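Enquirer:
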């Protein structure tokens, strides 16, 4: 993965320029950092008496959520790279010849196909982020009160990353013949993420009040 081979300084330099990565890749990065710090809140909790006092089934369920979150980190790494490529098909399509009617028709089709890819890629990222938020919510009530701020930071990062990455879908879907399905999914994801965030906040601030 090209970004993974860069030093942090190189990566930051590219972000602060006209070079890639763009908004979609950065959203995937902030999301995976959010997942990582959410997992950290569990690692800081698992040796506590309160966690060990839970029944074995509950402990295993929580660990399975954390295992899945760890898998999501790898998926988001892939999305960082995929995002940089998702618009390539659109750019290449616009370069196609348009002298004859046949060429124009083919070019038009390829541009349309390219925008489908460029819209689906950020939507796919958003679905992954939503799954991560759901898992973070599932483990929130079990996190130690001294680690709960890390868990809440995870939720905030995932929430903002999801909203950010869907901006790409919102602009690209305008080039689709029928964008209602995408628009409806964006609205559903946004609404659900707001509900999840409020639920995580409620659990988190209650624990913060116990410190």
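In full-length UniProt numbering, the protein residues as written are 1 to 211. All residues carry an ideal CB built from backbone N, CA and C; glycine is no exception. Keep in mind that this is a model prediction, so the values were computed, not measured.
Relative to the C-alpha of residue 21, which candidate in 64, 58, 80 has its C-alpha closest?
Expert: Minimum Cα distance to residue 21 is reached at 80.
Enquirer: On the CB-based measure, 16 or more other CB atoms within 10 Å of its CB, does residue 52 come out buried or exposed?
Expert: Counting Cβ neighbours within 10 Å, residue 52 comes out exposed, since fewer than 16 surround it.
Enquirer: Could you name each continuous alpha helix (DSSP H) segment of 4 residues or more that falls completely within the segment 20 to 61, going from the start of the chain to the end?
Expert: Listed in chain order, the complete alpha helix (DSSP H) runs (minimum 4 residues) inside the segment 20 to 61 are 23 to 43, 49 to 52.
Enquirer: Hey, could you find the ends of the alpha helix (DSSP H) residue 124 is sitting in?
Expert: It spans 101 to 140 - the alpha helix (DSSP H) in which residue 124 sits, taken as one unbroken run.
Enquirer: Please classify residue 54: is it buried, with 16 or more other beta-carbons within 10 angstroms of its beta-carbon, or exposed?
Expert: Per the 10 Å Cβ criterion, exposed.
Enquirer: Exposed or buried, which one is residue 94 when buried takes at least 16 other CB atoms within 10 Å?
Expert: Looking at its Cβ environment, which holds fewer than 16 other Cβ atoms inside 10 Å, residue 94 is exposed.
Enquirer: Between the Cα of residue 109 and those of 60, 177, 63, 35, spot the shortest distance and give me the residue it belongs to.
Expert: Nearest of 60, 177, 63, 35 to residue 109, Cα basis: 177.
Enquirer: Kindly list the residues whose CB is nearer than 8 Å to the CB of residue 103, restricted to its own chain and excluding five residues on each side of it in sequence; keep chain order.
Expert: If we look at residue 103 and ignore the five residues flanking it on each side, its Cβ neighbours are 96, 97.
Enquirer: Exposed or buried, residue 91, counting other C-beta atoms within 10 Å across all chains shown (16 or more means buried)?
Expert: The residue is exposed, with fewer than 16 neighbouring Cβ atoms inside 10 Å.
Enquirer: Should residue 39 go down as buried or exposed, given a rule of 16 or more other Cβ atoms within 10 Å for buried?
Expert: Flag for residue 39 reads buried.
Enquirer: Just to confirm my understanding: we take residue 27, look at its own chain, exclude 5 residues before and 5 after, and list those with CB closer than 6 Å. What are they?
Expert: Result list for residue 27: 161, 164, 165, in chain order.
Enquirer: Quick one: what does DSSP say residue 146 is sitting in, helix, strand or coil?
Expert: Looking at residue 146 - three-state DSSP - the assignment turns out to be coil, as it is neither helix nor strand.
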